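Trainee: Attaching a single structure in structure tokens format; questions to follow.
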Amino acid sequence: MTRSWISDTPDEVEHPPVPLGINEMAVPRVAILLSLSTILVILLSTAWIGISAYSFMSQLEDSFGSVDESMLEMDGRWAWEVDLLFDTCDSREGDWDWPENLSSQDDVFLYPGELRCDWEHQGSGDRASVAVYNRGNQTLDLLLEIEGANVLFSSSDDTQMLINEFQGNDSIILEIELTEDVDESSFTVVASHVALVSAEVKLDVTVFKGVEERELHSKDGDRLQVNYKVWDADTGELLDEGDLLVTAGDDPNYIEGFGWSAIGLDINSVAPVGTPAGWGPGTSHITLLPPSIAYGGSESHELKNSWLRFELEVTAIVGV
């Protein structure tokens, strides 16, 4: 009688080897090995990112040094301010009232707090001027960043810009550019200290489409023919008016804020018959200049403490 455990069939036929693909133990082993490998790669990547971040922060601290927070504060505020030159600004969060008399403020700051401003644009490519004021005596290193879509700093063609060695009691004016023809949008300009990112001052801007859309928008370096009027912002007294040729942006022939007030004026590229392209009619806007970018640097000038309100109308763009 043949026993059940005795067979005349070769063992390899009766019990063929199981292929790896259907080996019930092989699949979990491979999965476990792959999981362990993935975990190891993730741990190594995390460690590498951590080391890189630490190295970057160390380099940043070495570049700008440590900062004493108290040296950046004045009267409970950070020692710098940001505004848009257009005369369309007010309290950013509604927590302070606009001064009845700007020039008589008994304060080191130009404004009682942070600002929000309106910008009426006339098409894609339109420009505006943002001013940053260092109201303290300390030299600052600031990072400016635009939070929001469709707006860039023109000089860097980016949403970020670094201001190094910003001297005390000084100001800097920067051109910003609208990259798309939007009906209405908003953005925020944040000016923070590079060594203390929590030290930041914000400017909120609402940008909306105007009714006088033009094809040409004055930018830094353009030569413009403008008609201007200037008033004392506190008394409303008309101080002067006339026609001038001005370089938009930095024009050493005039007070600092006048050239930058010419940024963002608009005109058609197709002119009336008999006149060259870039000649009227053009748009106008009103800007508000604090003493620091008006006559504040002229000790003997009668308007050294005055805030000035300018209305500029472009009649021709004569060169770029």
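Quick note: the working numbering has the sequence shown finishing at residue 320, numbered continuously throughout.
Backbone N, C-alpha and C define an ideal beta-carbon position, used for all residues, glycine too.
All values reported here derive from a predicted model rather than from experimental measurement.
Once DSSP output is grouped into helix, strand and coil, what is the label at Ile173?
Mentor: strand
Trainee: Entirely within the segment 216-262 and at least 4 residues each: give me those alpha helix (DSSP H) ranges in chain order.
Mentor: The segment 216-262 contains, as complete alpha helix (DSSP H) runs of 4+ residues, the segments 256-261 (chain order).
Trainee: Mind checking which residues open and close the beta strand (DSSP E) that includes Lys202?
Mentor: Element bounds for Lys202: Leu196 to Lys209.
Trainee: Tell me whether Pro291 is buried or exposed, calling it buried when 16 or more other Cβ atoms sit within 10 Å of its Cβ.
Mentor: By the neighbour-count criterion, in which 16 or more other beta carbons inside 10 Å mark a residue as buried, Pro291 falls on the buried side.
Trainee: From the DSSP output, read off the bridge partner residues of Asn134.
Mentor: Asn134 pairs with Trp80.
Trainee: Buried or exposed for Gln160, please, with buried defined as at least 16 other CB atoms from any protein chain shown within 10 angstroms of its CB.
Mentor: exposed
Trainee: Under a three-way DSSP split, which group does Leu60 fall into?
Mentor: Low local confidence applies: a pLDDT of 49 at Leu60 is under 50, so the model's placement there is unreliable, with the coordinate-based value given in what follows. DSSP places Leu60 in helix when its eight states are reduced to three.
Trainee: Hey, could you find the ends of the beta strand (DSSP E) Asn164 is sitting in?
Mentor: Gln160 to Phe166
Trainee: Counting pairs of beta carbons, one from the segment 113-125 and one from the segment 299-317, are three or more of them closer than 8 Å?
Mentor: no
Trainee: Helix, strand or coil: which one does DSSP assign to Leu102?
Mentor: coil
Trainee: Using three-state DSSP, classify Ser186 as helix, strand or coil.
Mentor: Ser186: strand per DSSP, three-state reduction.
Trainee: State buried or exposed for Trp96, treating a residue as buried only when at least 16 other CB atoms are found within 10 Å of its CB.
Mentor: Its Cβ having fewer than 16 others within 10 Å, Trp96 is exposed.
Trainee: For Gly210, which of Glu120, Ser192 and Glu69 has the nearest alpha-carbon?
Mentor: Glu120
Trainee: My output table needs one value for Leu331: the three-state DSSP class, helix, strand or coil.
Mentor: For residue 331 there is no data in the structure shown, the boundaries of the chain being 1 and 320.
Trainee: For Leu239, I'd like the list of residues in its chain whose CB is within less than 7 Å of its CB, leaving aside the five on either flank, ordered along the chain.
Mentor: Val230, Trp231 and Asp232
Trainee: In the structure shown, what three-state DSSP assignment does Phe310 receive?
Mentor: strand
Trainee: So, for Val67: in the same chain, excluding its five sequence neighbours on each side, which residues have a beta-carbon less than 6 Å away from its beta-carbon?
Mentor: Answer for Val67: Ala195 and Leu196, listed in chain order.
Trainee: Do the segment 176-190 and the segment 134-154 touch if we need at least three Cβ pairs shorter than 8 Å?
Mentor: Flag = yes, the segment 176-190 and the segment 134-154 touch.
Trainee: If you run the structure through DSSP and keep just helix, strand and coil, what is Leu265?
Mentor: coil
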